[in-house]
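Just below is one structure, and these are the notes that go with it.
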Amino acid sequence: MKKKILLGGTLITFIAVFASMCIVVFSQHKENVNGINRHMNLILTNLSQEMNDTYRENRSKGLESFDIKEDIKKIENVQRFEDQYRFTWIDKDGKVLYDSSADESKMENHSQREEFIEAMRDKKGASKRYSKTLSREYRYRAYKTAGSTVIRVSTDIVSPFRQLLESLPMVVFITLIATFITMIVLSRILKSSFKDVEKVARNINDEIRNDSEIEYYEVDEELLPLVKIINKQKEEISYYVKNLEDRITVTNEILDNMNEGLIMLDQNDNILVANGAAIKLLDVPNNKHIDSHIISLVRDREFIDAVRSNEKNTVLLNKNEKYLNIFISPLVDSEDIVSGKIVFILDNTTNYIEEKYRREFSANISHELKTPLTSINGYAEMIAAGLADEDDIRAFANTILKQGRKLLELIDDIIKLSKLDEKASVSIEKKELDVDSVANSVIKMLEPMASEKNINISYQSKGKLMFKSVESMLEEILYNLMVNSIDYNVDGGKIFLDIEDLRDQIKITVRDTGIGISKEDLPRIFERFYMVDKSRNKTNTNSTGLGLAIVKHIVIMLGGTIEAKSKLGEGTSMEILLNKD
Numbered sequence: 001m002k003k004k005i006l007l008g009g010t011l012i013t014f015i016a017v018f019a020s021m022c023i024v025v026f027s028q029h030k031e032n033v034n035g036i037n038r039h040m041n042l043i044l045t046n047l048s049q050e051m052n053d054t055y056r057e058n059r060s061k062g063l064e065s066f067d068i069k070e071d072i073k074k075i076e077n078v079q080r081f082e083d084q085y086r087f088t089w090i091d092k093d094g095k096v097l098y099d100s101s102a103d104e105s106k107m108e109n110h111s112q113r114e115e116f117i118e119a120m121r122d123k124k125g126a127s128k129r130y131s132k133t134l135s136r137e138y139r140y141r142a143y144k145t146a147g148s149t150v151i152r153v154s155t156d157i158v159s160p161f162r163q164l165l166e167s168l169p170m171v172v173f174i175t176l177i178a179t180f181i182t183m184i185v186l187s188r189i190l191k192s193s194f195k196d197v198e199k200v201a202r203n204i205n206d207e208i209r210n211d212s213e214i215e216y217y218e219v220d221e222e223l224l225p226l227v228k229i230i231n232k233q234k235e236e237i238s239y240y241v242k243n244l245e246d247r248i249t250v251t252n253e254i255l256d257n258m259n260e261g262l263i264m265l266d267q268n269d270n271i272l273v274a275n276g277a278a279i280k281l282l283d284v285p286n287n288k289h290i291d292s293h294i295i296s297l298v299r300d301r302e303f304i305d306a307v308r309s310n311e312k313n314t315v316l317l318n319k320n321e322k323y324l325n326i327f328i329s330p331l332v333d334s335e336d337i338v339s340g341k342i343v344f345i346l347d348n349t350t351n352y353i354e355e356k357y358r359r360e361f362s363a364n365i366s367h368e369l370k371t372p373l374t375s376i377n378g379y380a381e382m383i384a385a386g387l388a389d390e391d392d393i394r395a396f397a398n399t400i401l402k403q404g405r406k407l408l409e410l411i412d413d414i415i416k417l418s419k420l421d422e423k424a425s426v427s428i429e430k431k432e433l434d435v436d437s438v439a440n441s442v443i444k445m446l447e448p449m450a451s452e453k454n455i456n457i458s459y460q461s462k463g464k465l466m467f468k469s470v471e472s473m474l475e476e477i478l479y480n481l482m483v484n485s486i487d488y489n490v491d492g493g494k495i496f497l498d499i500e501d502l503r504d505q506i507k508i509t510v511r512d513t514g515i516g517i518s519k520e521d522l523p524r525i526f527e528r529f530y531m532v533d534k535s536r537n538k539t540n541t542n543s544t545g546l547g548l549a550i551v552k553h554i555v556i557m558l559g560g561t562i563e564a565k566s567k568l569g570e571g572t573s574m575e576i577l578l579n580k581d
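Okay, so the sequence shown: first residue is 1 according to the UniProt record's numbering, each after it adds one.
Pasting the structure below:
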């Protein structure tokens, strides 16, 4: 109310002062125009009188009715003192005989000018013309002389609008000063008038902050009804605010502690709520998305279309190697109008990858078991049909034996992996063992296999090196790594085994000069049945496709780490770190 009164008084003052200044400018302009008209009439009266006297004198002497040079000289004498005016002398036919501002020989005929016509008819004439380009008004006064010529005086006058525009800074300045003074005076008057109201307002504020009622005896009688209403509404508001704050606190705690993402949208798909889990799962940089469109969080076309459909939908979203199940449910009011949407996000990455690996494992194991069985059945059928002679039967029998062993090795590795999976959640018992002794034992076991490809196994024994582990597991690690190095090495290649004592850890490195592994295949070499070289036939190798999977499983069980480094055509290096205790 106080602001409205202050604003209204200030506005009225501003308008009044500004209007007054405009009236002054227009009045001054009118007075100025009247003064100029009077002065021009005086100039023309004196000048025409002189020219008339000369004309009569010449007539009495029998000379020419008027002397052009003499009359021009008289005009120039007057113009010398009245240089703010323009003087023009026109004969009875409208031809310009003299002009103080232009070359009369180049000027147009003036017989149609309004002031000329009036002067020739009434002996005096006047007119005015306005230039919109220059915002100036031109005033003309013309007198007829005794020789039937017309002497004209003209000047330009600044229009009142331009005059107002030119003086606008001063007008605005004076108006602002007056407005400012009015504001100060009016503010003090209002301050005095509203002193009691402000006192009550301060008391109300203090009592509300202290959560207590306003004391009636401190309030003027006129304001008592207002205070009673405020007290009652304050109690109601405090009650509702307390309940609302409690609910908001509980809701925020629930949302913040959820592992699932939750997003609430309004009817225009703008974000109302997005909990921390949703921001984390969607991998967005910050949580400054409230009131933004949902597209600021997710730009997937399928998801956006599902949101816009205003129907229940489920979308599988692949976001930065995360597989998210997103459930979208519209909120419908009593009039079946969609007023918002709930978006629920579940991280299904683990289940998705496990299911993917299960499918791949099932397909691979079926293939791996079928390959040797097909070979065995094929040769057995040929023998049973009598299609093979005695020498072929011996060769077929060797092949069947070899494939049978291969099948047993595969089954044995599958059983090993199964047992390792079972033991993963059970603590294993470690014993003191000599790593050097285990390494020499594995090398001796694999020397015949390496010699078939002229592969040299290099190992520099560092003497007895004791640490706590499981001998069978360590042997399995070394055996599988070195078998892989033999299978995927070149004829005449080399294998280097190195075991280092790192005080708290044992570092085992198996390096070969084989065919190497590409960058694309390297991350997947520890997957079950994953073949780096798809063109190689496993019947030509000693690998079952499970060796590296078994190695990684054992290393993890022993609390260690394994890292593979490789380049195509340069060989592969496997580095294992195992804790001594």
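Backbone N, C-alpha and C fix where the C-beta goes; we use that ideal spot for every residue, glycine too. All figures in this text were calculated on a predicted structure; none of them were measured in a lab.
Alpha-carbon spacing of residue i relative to residue j, whole angstroms
i      : j      : result
Asp512 : Gly492 : 11 angstroms
Phe344 : Ile271 : 13 angstroms
Lys468 : Leu578 : 10 angstroms
Val158 : Lys61  : 47 angstroms
Pro330 : Glu235 : 37 angstroms
Val284 : Gln267 : 23 angstroms
Phe26  : Glu70  : 42 angstroms
Met445 : Ile383 : 34 angstroms
Lys95  : Met170 : 46 angstroms
Thr13  : Met183 : 9 angstroms
Asp103 : Gly125 : 23 angstroms
Asn41  : Phe87  : 13 angstroms
Lys402 : Ser485 : 21 angstroms
Glu50  : Glu57  : 11 angstroms
Asp504 : Lys430 : 16 angstroms
Asp389 : Leu407 : 26 angstroms
Glu137 : Ile189 : 48 angstroms
Tyr140 : Leu168 : 29 angstroms
Ile411 : Val338 : 59 angstroms
Ile23  : Phe161 : 11 angstroms
Asp391 : Thr572 : 42 angstroms
Nearest-angstrom Cβ-Cβ length linking residue i and residue j, presumed shorter than 8 angstroms
i           : j      : result
Ala146      : Glu115 : That belief does not hold up - the Cβ atoms of Ala146 and Glu115 are roughly 19 angstroms apart, past 8 angstroms.
Met264      : Gly340 : 6 angstroms
residue 588 : Lys464 : There is simply no residue 588 to check, as the chain begins at 1 and stops at 581 in what is shown.
Lys453      : Asn489 : 7 angstroms
Leu497      : Tyr459 : 4 angstroms
Ile43       : Val150 : Incorrect: roughly 14 angstroms between the Cβ atoms, too far for contact.
Leu324      : Asp347 : 6 angstroms
Same chain, Cβ closer than 7 angstroms to residue i, five either side skipped, listed in chain order
i      : result
Ile525 : Ile517, Val532, Leu548, Ala564
Asn537 : Confidence at Asn537 is low in this model, with a pLDDT of 45, below 50, so the placement of that residue should be treated as unreliable; the coordinate-derived value is given next. For Asn537, where only same-chain residues beyond five positions count, there are no Cβ hits under 7 angstroms.
Asp99  : Thr88, Met107
Same chain, Cβ closer than 8 angstroms to residue i, five either side skipped, listed in chain order
i      : result
Val438 : Glu471, Leu474, Glu475, Leu478
Ile294 : Ile263, Leu265, Asp269, Asn270, Ile271, Ile304, Val307, Val343
Lys123 : Tyr143, Lys144
Tyr217 : Note that Tyr217 scores a pLDDT of 44, beneath 50, so its modelled location is shaky; the value from the coordinates is reported in the next line. Contacts found: none.
Ile75  : Leu47, Phe87, Trp89, Tyr98, Ser100, Ile151
Thr54  : Phe66, Asp67, Glu70, Asp71, Lys74
Ile15  : none
Neighbourhood of residue i by C-beta distance below 6 angstroms, restricted to the same chain and skipping five residues each side
i      : result
Phe327 : Thr314, Phe344
Phe18  : Thr175
Leu97  : Trp89, Asp91
Ile515 : Tyr488
Glu575 : Thr509, Glu563
Asn77  : none
DSSP bridge partner residues for residue i (one or two, in chain order)
i      : result
Ala395 : Answer is none; Ala395 lacks a bridge partner.
Gln505 : Asn579
Ile177 : Answer is none; Ile177 lacks a bridge partner.
Leu346 : Asn325
Met574 : Val510, Ala564
Asp498 : Thr509
Glu137 : Tyr130, Ile157
Beta strand (DSSP E) segment containing residue i, residue limits
i      : result
Met258 : Counting along the chain, Met258 falls outside any beta strand (DSSP E), and DSSP gives it neither H nor E.
Asn77  : No beta strand (DSSP E) contains Asn77, which is instead part of the alpha helix (DSSP H) from 68–81.
Ala564 : 561–567
Ile151 : 150–158
Residue i, enclosing alpha helix (DSSP H) - first and last residue
i      : result
Tyr479 : 471–487
Leu446 : 435–451
Val555 : 547–557
Leu281 : 276–281
Arg301 : 301–308
Val117 : Here residue 117 is Ile; the residue named in the question, Val, does not match the sequence. Segment 114–122, the alpha helix (DSSP H) holding Ile117.
Cβ of residue i within 8 angstroms of any chain D Cβ
i      : result
Ile515 : Absence of chain D from the displayed structure is noted, only one protein chain being present.
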